[in-house]
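Sequence lines, in order, name chains A and B. The first sequence begins at 1 in UniProt numbering and counts up one residue at a time. The second sequence begins at 1 in UniProt numbering and counts up one residue at a time.
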Amino acid sequence: MGRSRISVIAAMLAAASLLTAGCGQGLLDGGSNSGGDEGPITLGMLIPQSGSEAAIGPYMKNAAQLAVDEINGKGGVLGRKLELKVADDACDAQTAVAGANKLVTEGIKVSVGGYCSGATLPTLPVFGKANIPMIIPAANSQELVDQHLKHVFLINGTGTQQATAAMAWMTKQGATSVALVHDNTSYSKDIAVRTQKLLDEAGGPETAILEAVTPKESDYSANIHNILAKKPDFVYWTGYFQEGGLIIRQLRQAGYKGSVMVGDGAVSEKLAEIAGGDAAEGVYATMTQTPETLQGAEAWIAAYKKKFNADPGPYSNQAYDGVRLAAEAITKAGSTDGDKVIAALEAVDGFPMFSGPLKFTADHTLSTGGFQILVVKSGKFALQDALK
Amino acid sequence: MAQLIWNGLFVGSFYALVALGYSMVYGIMKLLNFAHGDIYMLGAFTGFAILGAVGGVSPGMALPVLLGVLVVTMGVTGLSGVVLERVAYRPLRSAPRLSLLITAVGASFALEYGMRAAAGADPRVYPLRLGGTTVELLGARITLQQVALIIVAIALMAGLNVLVTRTREGRAMRAIALDPRTAALMGINVNAVISRTFFLGSALAGAAGVMAGAYYGKVDFLMGFLIGLKAFTSAVIGGIGNITGTMLGGLLLGLLESFGTYWLGGEWRDVFAFGVLILFLTVRPTGLLGERVTERV
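Below is the structure:
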């Protein structure tokens, strides 16, 4: 008796919650269809605020907030204010999906986040089901592109483009035997494997070894032993800066004298600091535009510093552009309806961004990756070659 | 070959130092203290803070200064271990095992994210680092700093072993491990002995944290997680609760990882190391030296 009563109550509660959920849905739909002035238009941003990549979160969040404030200062979008909602993905697939669901229930209209490819991948269907366009500022694994989802747009260069840039620089440097080192995450392995494919084509440098390390450890001596046994003259690390700094230090300690290059996830002043002394001097990096290498961005950097009392960092510029692009697309679409915004994004032609005028390819990626080669000079990354 | 063995032993000695704390606490109160890896992290940050406060040190003084920092840090982390036990574990001592386990996981998160709140998510870099004067020995490249660290590790472990097997305090620990109630009836202050066990284990983990910070250079708030798991594994291979076994377990895991990487590549290292472990434990579930119950701590 007691049990059946409980189940009746549970059923009633469930029905009630369904009803309210249905109502909420209806209200939201009405709001977005009329495109009326029902409070602010919310943009959602999934970025790592905890976990191993937590350091990157503030750079992206602050820059996005800066763009939101600037746009609101000019009257907002469609006569409504923009609002930024941030959720933590901890660079972890499960946390990211939970965060994405939270953002969807909060009624965001466009997603402007995504740093770790491994955490961004599983959120694609979550936003896709809710028909929310995604402008991904940083995550750039080719796997994000290969699904050919119509709501996914990448405004960072892709893994393929980065591998091509790496290949061009290694050839230019006269490397003969290249060790590719990755950390087994989607992003990192993607670049390493794509570079390997390019190396395996006839001519130019050859692959010495494709080595995977376990991220978040301190001691990589066993991996370095493997790498050095193949006697490479060029090492390309495609993971993040924490392990990158340790690997560079331990390579030098083990007596490696050749060139080292890192991918865009490792571009941070901490890399040289972790490597210690001058171990990282002369290390190259494949990287898209950063605040330091941007030309004509002094005013923007000054505005960022003034507002947050800190320097912008990696992916600040992409996060800033992502929000501006979202605002542009909503304005052009004249509505926050997902399909209309997607159509507007596809139609964007020549929208000015830090990486140059934007026009998406059929794959919803940048037509040129904009990758350039940086080099560490007295502990800081400076432009070495624009690969133009 | 010599290089592989040396690399394995060097990493293994870190595992062993951290594993001892796991093993002693498990031996004495059958608790898997999952916050132990984070005490290692706490040690690394304590050392970082002290070195920051000390300021610039000339390279010649690096080793003596680090030894001083090591001792102070051991005291700090030892006391943190005692506080952890008092706050998180003692009130639950008569509760079901699962509650203790969950509390341990909770304590681990509290330490990790507490440190993140205090020191930030960005990794920190030690101001004082052990650089590399390299020596070739039997075909292996060895730095004198590595030798110094291994000597410190061995000295600490030997000291602990003497303490546990030769002193009154050690006898009390072993008695509680065998039977806490009888030990209490014989006039042993069980709470005090458990506190001291936590102090010792946490001090060793703190020492390992400072050594890792000074050698590898980078410290961050999640650095204790992975080594905590590895140390736990080492303790199980060696025979959890047995001190000599735990030390051997740490070294063995280091060697397995080193050779696994060499034979199968970095991608397969953990598959190899942990596959061997599973095989080993099916043959010897008690671990290397696990059956010598009389020596349990």
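Note that CB positions come from ideal geometry on N, CA and C, so glycine has one too.
Is the separation between the beta-carbon of residue 28 of chain B and that of residue 176 of chain B shorter than 8 Å?
One-based indexing of the second sequence puts residue 28 of chain B at position 28. One-based indexing of the second sequence puts residue 176 of chain B at position 176. In contact: residue 28 of chain B and residue 176 of chain B (Cβ atoms closer than 8 Å).
Within the stretch 88-112 of chain B, note down every full beta strand (DSSP E) run reaching 3 residues or more, in order along the chain.
none
Quick check: the stretch 218-238 of chain B against the stretch 87-97 of chain B, are at least 3 beta-carbon pairs closer than 8 Å?
Result no; under three Cβ-Cβ pairs closer than 8 Å.
Let's see if you can read the secondary structure: which residues bound the beta strand (DSSP E) around residue 372 of chain A?
Along the first sequence, read from residue 1 onward, the residue named residue 372 of chain A stands at position 372. 372-377 is the extent of the beta strand (DSSP E) around residue 372 of chain A.
What first and last residue would you give for the beta strand (DSSP E) that runs through residue 292 of chain A?
In the first sequence, the residue the question calls residue 292 of chain A occupies position 292. It is not in any beta strand (DSSP E) - residue 292 of chain A carries neither H nor E in the DSSP assignment.
Round the Cβ separation of residue 99 of chain A and residue 46 of chain A to the nearest angstrom and send it over; I've been treating them as touching at under 8 Å.
Translated into the one-based positions of the first sequence, residue 99 of chain A becomes position 99. Translated into the one-based positions of the first sequence, residue 46 of chain A becomes position 46. The Cβ separation is near 5 Å, so the contact holds.
8 Å is my cut-off, CB to CB: does residue 125 of chain B come that close to chain A?
On the second sequence, residue 125 of chain B is found 125 positions in, with the first residue counted as 1. So yes, residue 125 of chain B belongs to the interface.
Output, in sequence order along the chain, the residues in the stretch 66-98 of chain A whose CB is closer than 9 Å to any CB in chain B.
none
Roughly how many whole angstroms lie between the Cα atoms of residue 182 of chain B and residue 90 of chain A?
Mapped onto the second sequence, residue 182 of chain B falls at position 182. Mapped onto the first sequence, residue 90 of chain A falls at position 90. The alpha-carbon atoms of residue 182 of chain B and residue 90 of chain A are separated by roughly 48 Å.
Taking only the alpha-carbon atoms, compute the straight-line gap between residue 290 of chain B and residue 223 of chain A and give it to the nearest angstrom.
On the second sequence, residue 290 of chain B is found 290 positions in, with the first residue counted as 1. On the first sequence, residue 223 of chain A is found 223 positions in, with the first residue counted as 1. Answer to the nearest angstrom: the Cα atoms are 32 Å apart.
For residue 26 of chain A, would you say it is in contact with chain B, using Cβ-to-Cβ distances shorter than 8 Å as the test?
Working through the first sequence from its first residue, we reach residue 26 of chain A at position 26. Reliability fails at residue 26 of chain A, whose pLDDT of 39 lies under 50, so the model's placement of it is uncertain and the value that follows must be treated cautiously. Residue 26 of chain A does not count as touching chain B.
Residue 141 of chain A to residue 366 of chain A, Cα distance in whole Å?
The residue labelled residue 141 of chain A in the question sits at position 141 within the first sequence. The residue labelled residue 366 of chain A in the question sits at position 366 within the first sequence. Residue 141 of chain A and residue 366 of chain A: Cα-Cα distance of roughly 13 Å.
Taking contact to mean at least 3 C-beta pairs separated by less than 8 Å, is the stretch 165-176 of chain B in contact with the stretch 47-61 of chain B?
Counting C-beta pairs with one atom in each stretch, the stretch 165-176 of chain B and the stretch 47-61 of chain B have fewer than three that are closer than 8 Å, which means they do not touch.
Compare the C-alpha of residue 106 of chain A against each of A:86, A:204 and A:124 and name the closest.
One-based indexing of the first sequence puts residue 106 of chain A at position 106. When only C-alpha atoms are compared, the closest one is A:86.
How many whole angstroms separate the CB atoms of residue 43 of chain B and residue 159 of chain B, which I take to be in contact at a CB cut-off of 8 Å?
Here residue 43 of chain B is taken as the residue at index 43 of the second sequence, counted from 1. Here residue 159 of chain B is taken as the residue at index 159 of the second sequence, counted from 1. Incorrect: roughly 17 Å between the Cβ atoms, too far for contact.
Which term fits residue 292 of chain A, buried or exposed, when burial requires 16 or more other beta carbons within 10 angstroms of its beta carbon?
The sequence position of residue 292 of chain A within the first sequence is 292, counting from 1. Answer is buried; the Cβ neighbour count reaches 16.
Taking buried to mean at least 16 other C-beta atoms within 10 Å of its own C-beta, is residue 263 of chain B buried or exposed?
Here residue 263 of chain B refers to the residue found at position 263 of the second sequence. Per the 10 Å Cβ criterion, exposed.
Tell me, which residues are paired with residue 153 of chain A by DSSP?
Taking the first residue of the first sequence as 1, we reach residue 153 of chain A at position 153. DSSP output for residue 153 of chain A lists A:135 as bridge partner(s).
Among A:372, A:328, A:340 and A:289, which one has its Cα closest to the Cα of residue 168 of chain A?
Taking the first sequence and counting its residues from 1, the one referred to as residue 168 of chain A is at position 168. Of A:372, A:328, A:340 and A:289, the residue nearest in Cα terms is A:372.
Within this structure, are the beta carbons of residue 315 of chain A and residue 137 of chain A separated by less than 8 Å?
Position 315 of the first sequence, counting from 1, holds the residue named residue 315 of chain A. Position 137 of the first sequence, counting from 1, holds the residue named residue 137 of chain A. Between residue 315 of chain A and residue 137 of chain A, the C-beta spacing is below 8 Å.
Answer yes or no: does any C-beta atom of chain A fall closer than 8 Å to that of residue 183 of chain B?
Position 183 of the second sequence, counting from 1, holds the residue named residue 183 of chain B. By this cut-off, residue 183 of chain B is not an interface position.
Using the Cα positions of residue 17 of chain B and residue 158 of chain A, report the straight-line distance between them to the nearest angstrom.
Reading the second sequence from its first residue, position 17 is the one you call residue 17 of chain B. Reading the first sequence from its first residue, position 158 is the one you call residue 158 of chain A. Roughly 43 Å separates the two Cα atoms.
State the start and end residues of the unbroken beta strand (DSSP E) segment that holds residue 256 of chain A.
Position 256 of the first sequence, counted from the first residue, corresponds to residue 256 of chain A. Premise fails: residue 256 of chain A is in no beta strand (DSSP E) and is neither H nor E.
Given this structure, state the Cα-to-Cα distance separating residue 128 of chain A from residue 93 of chain A, to the nearest angstrom.
Counted from its first residue, the first sequence places residue 128 of chain A at position 128. Counted from its first residue, the first sequence places residue 93 of chain A at position 93. So the two alpha carbons sit approximately 16 Å from each other.
Mind checking whether residue 12 of chain B and residue 253 of chain B have CB atoms under 8 Å apart?
Residue mapping note: residue 12 of chain B aligns to position 12 of the second sequence, counting from 1. Residue mapping note: residue 253 of chain B aligns to position 253 of the second sequence, counting from 1. The answer is yes: Cβ separation under 8 Å.
Keeping to the same chain, check which residues put their C-beta closer than 6 Å to that of residue 38 of chain B; ignore five residues upstream and five downstream.
By one-based count along the second sequence, residue 38 of chain B stands at place 38. Only 108, 111, 112 and 224 meet the Cβ criterion.
Among A:209, A:369 and A:76, whose alpha-carbon lies nearest the alpha-carbon of residue 287 of chain A?
Residue mapping note: residue 287 of chain A aligns to position 287 of the first sequence, counting from 1. Residue A:369 is the option with its Cα nearest to residue 287 of chain A.
Is DSSP giving residue 211 of chain A helix, strand or coil here?
Reading the first sequence from its first residue, position 211 is the one you call residue 211 of chain A. The three-state secondary structure of residue 211 of chain A, taken from DSSP, is strand.
Helix or strand or just coil, what does DSSP make of residue 53 of chain B?
In the second sequence, the residue the question calls residue 53 of chain B occupies position 53. Of the three classes helix, strand and coil, the one that applies to residue 53 of chain B here is helix, per DSSP.
Going along the stretch 214-238 of chain A in order, which residues come within less than 7 Å of chain B, judged by CB to CB distance?
214, 216, 217, 218, 219, 221, 222, 223, 225 and 226
What three-state label does DSSP hand residue 376 of chain B in the structure shown?
Since the first residue shown for chain B is 1 and the last is 297, residue 376 of chain B is missing from the structure and cannot be characterised.
Report yes if the C-beta distance between residue 232 of chain B and residue 81 of chain B is below 8 Å; otherwise report no.
The sequence position of residue 232 of chain B within the second sequence is 232, counting from 1. The sequence position of residue 81 of chain B within the second sequence is 81, counting from 1. In this structure, residue 232 of chain B lies away from residue 81 of chain B, with their beta-carbon atoms at least 8 Å apart.
Given this structure, state the Cα-to-Cα distance separating residue 123 of chain A from residue 335 of chain A, to the nearest angstrom.
The residue you call residue 123 of chain A lines up with position 123 of the first sequence. The residue you call residue 335 of chain A lines up with position 335 of the first sequence. Roughly 24 Å separates the two Cα atoms.
Report the residue from B:217, B:69 and B:261 whose alpha carbon sits nearest the alpha carbon of residue 435 of chain A.
Residue coverage of chain A in this structure runs from 1 to 388, which leaves residue 435 of chain A outside it and unanswerable.
Just checking: is the beta-carbon of residue 257 of chain B within a distance shorter than 8 Å of some beta-carbon in chain A?
Along the second sequence, read from residue 1 onward, the residue named residue 257 of chain B stands at position 257. So yes, residue 257 of chain B belongs to the interface.
Can you tell me the Cα-Cα spacing of residue 139 of chain A and residue 227 of chain A, whole angstroms?
The count along the first sequence starts at 1 and reaches residue 139 of chain A at position 139. The count along the first sequence starts at 1 and reaches residue 227 of chain A at position 227. Each residue's Cα considered, the two are about 28 Å apart.
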